[in-house]
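**Student:** Heads up: the sequence shown runs through residues 6 to 686, numbered per the numbering used here. What follows is a structure written as structure tokens; I'll ask about it next.
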Amino acid sequence: MSQSTLPLLNFAENPSLEKNDGLLRVFEDIHNHIYANDGLSPEQALDETIKILFLKIFDEKNKKFGFKISPTEYKNILDGKSDQEFIDRLRNLQQATFDFFSNLFEKGEKIKLKNSTLGFVVNKIQNIDLLNSSNDVKGLAFKKFIHTSQRVGRGQFFTPEQVINLCVEIIQPQANEVVLDPACGSGGFLSSALKYVSINQADHAKKFAKENIYGIEINRTAAKIAKMRMILDGDGFSNIAQHDSLSEWSSIDLELNRTNGKTNKTYQNFFDIILTNPPFGTQGKISDKSVLRNFDLGYKWDEVDGQYIKTSEQLNGQVPEILFIERCLKFLKPGGRMAMVLPNGDFENSSLAYLRHYIAAIAEVFAVIKLPQETFIPSGTGVKTSIIFLKKKNGEDKIKKIFFSQVTKLGYSGNKNGSLIYKKDEIGNTIKNKVGGLQIDEDISDVVSSYLKFKIKQTLEEQENSFLVDKQDLSYARLDFEFYKPSYRKQAKILTSKGAYRLGDLVKIKKSKSNKLKQKDLVVKYVELSDVSTQYNEIINATEMVVHELPSRASYEIEKGQIITSVAGNSIGTDNHASAFVTEEYNGYICTNGFRVLVPNEKLVNPYYLLYYLKSKNFLDQVFRFRTGAAIPSLLDVDLLNVLVLLPPIKEQNRIGAIIEEGFRERKQFQEKIKKIEVNI
Numbered sequence: 006m007s008q009s010t011l012p013l014l015n016f017a018e019n020p021s022l023e024k025n026d027g028l029l030r031v032f033e034d035i036h037n038h039i040y041a042n043d044g045l046s047p048e049q050a051l052d053e054t055i056k057i058l059f060l061k062i063f064d065e066k067n068k069k070f071g072f073k074i075s076p077t078e079y080k081n082i083l084d085g086k087s088d089q090e091f092i093d094r095l096r097n098l099q100q101a102t103f104d105f106f107s108n109l110f111e112k113g114e115k116i117k118l119k120n121s122t123l124g125f126v127v128n129k130i131q132n133i134d135l136l137n138s139s140n141d142v143k144g145l146a147f148k149k150f151i152h153t154s155q156r157v158g159r160g161q162f163f164t165p166e167q168v169i170n171l172c173v174e175i176i177q178p179q180a181n182e183v184v185l186d187p188a189c190g191s192g193g194f195l196s197s198a199l200k201y202v203s204i205n206q207a208d209h210a211k212k213f214a215k216e217n218i219y220g221i222e223i224n225r226t227a228a229k230i231a232k233m234r235m236i237l238d239g240d241g242f243s244n245i246a247q248h249d250s251l252s253e254w255s256s257i258d259l260e261l262n263r264t265n266g267k268t269n270k271t272y273q274n275f276f277d278i279i280l281t282n283p284p285f286g287t288q289g290k291i292s293d294k295s296v297l298r299n300f301d302l303g304y305k306w307d308e309v310d311g312q313y314i315k316t317s318e319q320l321n322g323q324v325p326e327i328l329f330i331e332r333c334l335k336f337l338k339p340g341g342r343m344a345m346v347l348p349n350g351d352f353e354n355s356s357l358a359y360l361r362h363y364i365a366a367i368a369e370v371f372a373v374i375k376l377p378q379e380t381f382i383p384s385g386t387g388v389k390t391s392i393i394f395l396k397k398k399n400g401e402d403k404i405k406k407i408f409f410s411q412v413t414k415l416g417y418s419g420n421k422n423g424s425l426i427y428k429k430d431e432i433g434n435t436i437k438n439k440v441g442g443l444q445i446d447e448d449i450s451d452v453v454s455s456y457l458k459f460k461i462k463q464t465l466e467e468q469e470n471s472f473l474v475d476k477q478d479l480s481y482a483r484l485d486f487e488f489y490k491p492s493y494r495k496q497a498k499i500l501t502s503k504g505a506y507r508l509g510d511l512v513k514i515k516k517s518k519s520n521k522l523k524q525k526d527l528v529v530k531y532v533e534l535s536d537v538s539t540q541y542n543e544i545i546n547a548t549e550m551v552v553h554e555l556p557s558r559a560s561y562e563i564e565k566g567q568i569i570t571s572v573a574g575n576s577i578g579t580d581n582h583a584s585a586f587v588t589e590e591y592n593g594y595i596c597t598n599g600f601r602v603l604v605p606n607e608k609l610v611n612p613y614y615l616l617y618y619l620k621s622k623n624f625l626d627q628v629f630r631f632r633t634g635a636a637i638p639s640l641l642d643v644d645l646l647n648v649l650v651l652l653p654p655i656k657e658q659n660r661i662g663a664i665i666e667e668g669f670r671e672r673k674q675f676q677e678k679i680k681k682i683e684v685n686i
């Protein structure tokens with residue numbers, strides 16, 4: 006079921022809420038009042054708001070009616086009088102609530118609010134029935150108000166509801182399956198999984214919520230919110246644990262040990278489904294040796310004849326999401342399914358090939374979906390991400406084709422507010438759906454629809470944004486969407502069928518740094534990426550510098566007849582890709598290591614023809630396909646040398662090369678004529 010077909014938010018189900026944003030506004034009023042009147046930081050105000058909401062929910066569940074304030078009591082408190090009956094009632098309710106949720110509240114923890122503030126909050130929500138409010142009402146309040154709690158460090162940030170629903174709709178959890186999110190934040194994935202089961206298997210939803218949904222969250226505030234959310238969504242509150250999922254197995258204490266009579270506390274091979282967005286490595290690495298020693302991926306891996314072997318050398322640090330990948334694979338039972346949001350580097354960087362081979366040894370990937378760069382901008386990061394969907398191996402070999410797709414329209418803009426974007430007609434008017442609501446401009450539902458059609462028919466009409474890759478054609482050297490795009494694979498087949506050569510068979514790369522760089526006081530001419538005209542493929546500028554003042558990237562000495570081509574920067578593989586022929590004028594200059602210096606074998610290829618080819622779509626598309634890196638794209642030497650080059654007969658090469666060479670001569674002659682012009686004034 007696509008996101009667009011899920012039930013619409015309906016605040017009218019709760020008579021206490023007069024407007025569509027009623028509950029959200031109540032939450033905001035409470036938070037703002039606490040912040041303004043008690044001298045707390047926004048984070049502290051949020052924490053106190055959460056405590057109050059727990060009291061309210063606990064009171065509703067236990068029917069003790071302690072969460073209330075009479076008009077007289079409220080007037081007394083506002084007048085500065087001490088109303089002991091109200092204070093005692095709330096103190097007793099607090100003690101009972103915190104005792105019941107003892108794994109979330111510190112021993113002796115108290116509500117840190119003035120009596121007047123406490124009275125205001127109780128008066129504000131005492132007549133609202135939170136447990137029986139529409140789930141969509143409560144979901145909106147969590148999404149808009151409490152999602153900031155996800156941004157609590159270690160690379161955590163709020164996962165957009167659109168992305169969560171995409172994962173759930175492809176994984177399709179069933180009521181008899183046990184679901185885990187080991188980095189659950191405020192419980193978005195778990196809530197969506199419950200909603201999916203509630204829609205598709207309504208009779209089993211309550212049992213599913215109580216027995217089959219589990220979450221682990223390291224941050225205490227986020228864990229409180231997740232537990233509260235699951236209480237409101239369907240009583241799945243007892244299965245949320247505040248803990249570090251990367252800690253020793255024996256220290257993780259989940260409720261399933263008691264509900265399922267288990268005594269084994271490793272939880273390995275236990276869960277049917279894992280849905281998660283683990284903390285990324287942007288906030289630093291896990292460096293604790295006592296943690297790293299528990300993970301295969303906490304050690305260095307060596308490549309031996311195309312295979313990756315774990316060594317006994319422990320790493321000094323590892324990014325958290327890689328350790329989460331291993332831990333999740335071990336949590337998952339054979340045949341279990343997982344959806345995980347990961348940075349694109351995990352799919353494409355050559356330095357992480359060992360990670361992808363580790364995954365391949367344990368699980369089979371069945372889908373990869375690329376997300377737009379703006380996905381997480383409303384949460385404060387522009388990291389590029391994709392979702393990996395996999396199934397843990399269980400001795401069966403059912404996966405024959407892998408589904409690749411990309412989302413291009415999320416339905417919201419990449420600004421800090423994540424403002425919704427609506428579909429418009431050709432003259433700019435917003436388009437309404439059948440029930441009169443505005444249509445969100447997204448293609449997530451199209452991606453889900455394409456996957457579900459493929460799942461049923463095991464075939465798919467190939468498009469650039471959704472396509473299949475045969476299992477035998479999948480290389481765990483790369484797992485990113487861009488690498489497997491049909492147009493790129495088709496291009497490679499055509500070039501191969503036409504007898505194209507590897508660039509590495511036609512040129513050598515100059516790898517040694519210039520000896521001139523050893524002479525600190527030597528004056529040299531330095532060529533940067535910006536010193537090349539991408540229009541004419543020639544060097545147009547150089548900066549005179551003393552060697553000891555050169556940037557560290559200054560590396561290679563270029564010589565006449567060589568070709569330089571860029572291998573770093575956002576422009577590589579685009580029309581602005583920088584390549585240039587080194588003419589006599591620039592012989593002996595020093596260039597940045599952002600270039601690779603190519604030394605053509607003139608017996609095999611005309612250098613000017615090769616320069617012409619480096620500007621062609623065939624070359625640029627291959628570079629764009631092979632490049633890696635989220636922040637600053639780069640091209641590895643091995644990939645550059647594997648670029649396919651079409652070589653016509655030498656006579657045709659010379660004809661094309663002569664045209665290119667003539668262009669260089671004519672531009673030089675033109676420049677010389679310009680210099681001779683004298684204007685008489």
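All C-beta atoms, glycine included, are put in the ideal place defined by N, C-alpha and C.
To which residues of the same chain is Ala368 closer than 7 Å at the C-beta, ignoring the five residues directly before and after it?
**Tutor:** Along the sequence shown, read from residue 1 onward, the residue named residue 368 stands at position 363. Counting only Cβ-Cβ distances below 7 Å, and skipping sequence neighbours, we find Leu334, Leu395, Lys396, Lys397 and Lys398.
**Student:** Could you spell out where the alpha helix (DSSP H) holding Lys603 opens and where it closes?
**Tutor:** To locate residue 603, count along the sequence shown from 1; it is residue 598. Looking at the sequence shown, residue 603 is not Lys but Leu. No alpha helix (DSSP H) holds Leu603; the beta strand (DSSP E) holding it covers Phe600 to Pro605.
**Student:** Would you check whether the ligand ATP has a heavy atom nearer than 7 Å to the C-beta of Arg298?
**Tutor:** Questions concerning the ligand ATP fall outside what the structure shown contains, since it holds no ligand whatsoever.
**Student:** Are Phe300 and Glu331 closer than 8 Å when you measure CB to CB?
**Tutor:** Along the sequence shown, read from residue 1 onward, the residue named residue 300 stands at position 295. Along the sequence shown, read from residue 1 onward, the residue named residue 331 stands at position 326. In this structure, Glu331 lies closer than 8 Å to Phe300 by Cβ.
**Student:** Where are the alpha helix (DSSP H) runs, 4 residues long or more, that stay fully inside the stretch 384 to 453, in chain order?
**Tutor:** none
**Student:** Give the DSSP-derived three-state secondary structure of Val572 in the structure shown.
**Tutor:** By one-based count along the sequence shown, residue 572 stands at place 567. Val572 falls in the coil class under three-state DSSP.
**Student:** In the DSSP assignment, find the unbroken alpha helix (DSSP H) run with Leu328 in it and report its ends.
**Tutor:** The residue given as residue 328 occupies position 323 in the sequence shown. Run containing Leu328: Pro325 to Phe336, per the alpha helix (DSSP H) assignment.
**Student:** From Leu649, Gln627 and Ala497, pick the residue whose C-alpha is nearest to that of Leu640; which is it?
**Tutor:** Here residue 640 is taken as the residue at index 635 of the sequence shown, counted from 1. Of the listed residues, the one whose Cα sits closest to Leu640 is Gln627.
**Student:** By the 10 Å Cβ neighbour count, where 16 or more other Cβ atoms means buried, how is Gln155 classified, buried or exposed?
**Tutor:** Here residue 155 corresponds to residue number 150 of the sequence shown, with the count starting at 1. A caution first: Gln155 carries a pLDDT of 41, below 50, which makes its placement in the model too unreliable to give a value.
**Student:** Can you round the beta-carbon distance between Thr539 and Ala583 to whole angstroms, since I take them to be within the 8 Å contact cut?
**Tutor:** Along the sequence shown, read from residue 1 onward, the residue named residue 539 stands at position 534. Along the sequence shown, read from residue 1 onward, the residue named residue 583 stands at position 578. Thr539 to Ala583, Cβ: 5 Å. Contact.
**Student:** Are Leu360 and Ile327 closer than 8 Å when you measure CB to CB?
**Tutor:** Position 355 of the sequence shown holds residue 360. Position 322 of the sequence shown holds residue 327. Yes, they are a contact pair.
**Student:** Could you pull the DSSP bridge partners for Arg507 from this structure?
**Tutor:** Counted from its first residue, the sequence shown places residue 507 at position 502. Answer is Leu649, bridged to Arg507.
**Student:** Just checking, does the stretch 276 to 285 make contact with the stretch 345 to 363 on the three C-beta pairs under 8 Å criterion?
**Tutor:** Look at the beta carbons and you see the stretch 276 to 285 touching the stretch 345 to 363: at least three pairs across the two are nearer than 8 Å.
**Student:** Excluding sequence positions up to five away, which residues of its chain have a Cβ less than 7 Å from the Cβ of Arg672?
**Tutor:** To locate residue 672, count along the sequence shown from 1; it is residue 667. Within the same chain, Cβ atoms closer than 7 Å to the Cβ of Arg672 are found at Tyr541, the five residues on either side in sequence being excluded.
**Student:** Can you tell me whether DSSP reads Thr281 as helix, strand or coil?
**Tutor:** What you label residue 281 is simply residue 276 of the sequence shown in a count that begins at 1. When DSSP states are grouped into helix, strand and coil, Thr281 belongs to the strand group.
**Student:** Here's the rule I'm using: 16 or more other beta-carbon atoms within 10 Å means buried, otherwise exposed. How should Pro339 be labelled?
**Tutor:** Here residue 339 refers to the residue found at position 334 when the sequence shown is read from its first residue. Sixteen is the threshold: since fewer than 16 other Cβ atoms of the shown chains lie within 10 Å of the Cβ of Pro339, the residue is exposed.
**Student:** So, is Gly160 buried or exposed, given that buried needs 16 or more other C-beta atoms within 10 angstroms?
**Tutor:** Working through the sequence shown from its first residue, we reach residue 160 at position 155. Low confidence applies to Gly160: its pLDDT is 39, below 50, so where it sits in the model is not reliable, and the reading given next is rough at best. Buried, by the Cβ-count rule.
**Student:** Can you pull the DSSP bridge partners for Gly472?
**Tutor:** In the sequence shown, residue 472 corresponds to position 467, counting from 1. Checking the sequence shown, residue 472 turns out to be Phe, not Gly. Note: Phe472 sits in a beta bridge opposite Phe409.
**Student:** The alpha helix (DSSP H) with Leu95 in it runs from where to where?
**Tutor:** Position 90 of the sequence shown, counting from 1, holds the residue named residue 95. Here the alpha helix (DSSP H) through Leu95 covers Gln89 to Phe105.
**Student:** Grouping DSSP H, G and I as helix and E and B as strand, with all else coil, what is Ile291?
**Tutor:** As a first step, residue 291 must be located in the sequence shown, where it is residue number 286. Three-state result, Ile291: strand.
**Student:** Using the rule of at least 16 other Cβ atoms within 10 Å of the residue's Cβ for burial, across every protein chain shown, is Gln477 buried or exposed?
**Tutor:** On the sequence shown, position 472 is the one that residue 477 refers to. Looking at its Cβ environment, which holds fewer than 16 other Cβ atoms inside 10 Å, Gln477 is exposed.
**Student:** For Gln692, collect the residues of the same chain with a Cβ closer than 6 Å to its Cβ; drop the 5 residues on either side in sequence, then sort them by chain order.
**Tutor:** Only positions 6 to 686 of the chain appear in the structure, and residue 692 is not among them; the question remains open.
**Student:** In the DSSP output, what is Leu185 paired with across the bridge?
**Tutor:** Within the sequence shown, the letter at position 180 stands for residue 185. In DSSP, Leu185 forms a bridge with Tyr219 and Ile279.
**Student:** Might you give, ordered along the chain, the residues of its own chain that have their beta carbon closer than 8 Å to the beta carbon of Phe488, omitting 5 neighbours on each side?
**Tutor:** Here the question's residue 488 lines up with position 483 in the sequence shown. Glu353, Arg630 and Phe631.
**Student:** Classify Phe381 as buried or exposed, calling it buried when 16 or more other Cβ atoms lie within 10 Å of its own Cβ.
**Tutor:** Counted from its first residue, the sequence shown places residue 381 at position 376. Buried, because 16 or more other Cβ atoms sit within 10 Å of the Cβ of Phe381.
**Student:** In the DSSP output, which residue or residues are listed as bridge partners for Asp307?
**Tutor:** In the sequence shown, counting from the first residue as 1, residue 307 sits at position 302. According to DSSP, which records beta bridges pairwise, Asp307 is partnered with Ile314.
**Student:** Roughly how many whole angstroms lie between the Cα atoms of Ser471 and Tyr427?
**Tutor:** Locating residue 471 in the sequence shown gives position 466, counting from the first residue. Locating residue 427 in the sequence shown gives position 422, counting from the first residue. Their backbone Cα atoms lie some 23 Å apart in a straight line.
**Student:** Let me make sure I understand the geometry here. Which of Phe586, Val31, Glu78 and His209 has the alpha-carbon closest to that of Ser571?
**Tutor:** Walking along the sequence shown from the start, residue 571 turns up at place 566. Among Phe586, Val31, Glu78 and His209, the Cα nearest to that of Ser571 belongs to Phe586.
**Student:** Have a look at Tyr304 and Pro325 and give me their C-alpha separation to the nearest angstrom.
**Tutor:** Taking the first residue of the sequence shown as 1, we reach residue 304 at position 299. Taking the first residue of the sequence shown as 1, we reach residue 325 at position 320. Approximately 14 Å, taken between the alpha carbons.
**Student:** For Pro348, which beta-bridge partners are listed by DSSP?
**Tutor:** Along the sequence shown, read from residue 1 onward, the residue named residue 348 stands at position 343. In DSSP, Pro348 forms a bridge with Thr390.
**Student:** Asn592 and Glu549 look like a contact to me (Cβ under 8 Å); what is the Cβ gap, rounded to whole Å?
**Tutor:** On the sequence shown, residue 592 is found 587 positions in, with the first residue counted as 1. On the sequence shown, residue 549 is found 544 positions in, with the first residue counted as 1. In fact, because the Cβ distance is near 15 Å, the residues do not count as touching under 8 Å.
**Student:** Just to confirm before moving on: does the CB-CB distance between Tyr561 and Lys622 stay below 8 Å?
**Tutor:** Start at 1 with the first residue of the sequence shown, and residue 561 comes out as number 556. Start at 1 with the first residue of the sequence shown, and residue 622 comes out as number 617. It is not a contact, given that the beta carbons lie outside the stated cut-off.
**Student:** Considering only C-alpha positions, which residue in the set Val602, Glu554 and Ser535 is nearest to Gly566?
**Tutor:** Position 561 of the sequence shown holds residue 566. Selected option, being the one with the closest Cα: Val602.
**Student:** Tell me the DSSP secondary structure of Val610 in three-state form.
**Tutor:** The residue given as residue 610 occupies position 605 in the sequence shown. Three-state result, Val610: coil.
**Student:** With DSSP as the reference, label Tyr363 as helix, strand or coil.
**Tutor:** If you number the sequence shown from 1, residue 363 lands on position 358. Helix, per DSSP.
**Student:** Per DSSP, which residues does Ile544 bridge with? Please list them.
**Tutor:** Stepping through the sequence shown from its first residue, residue 544 is reached at position 539. Answer is Val537.
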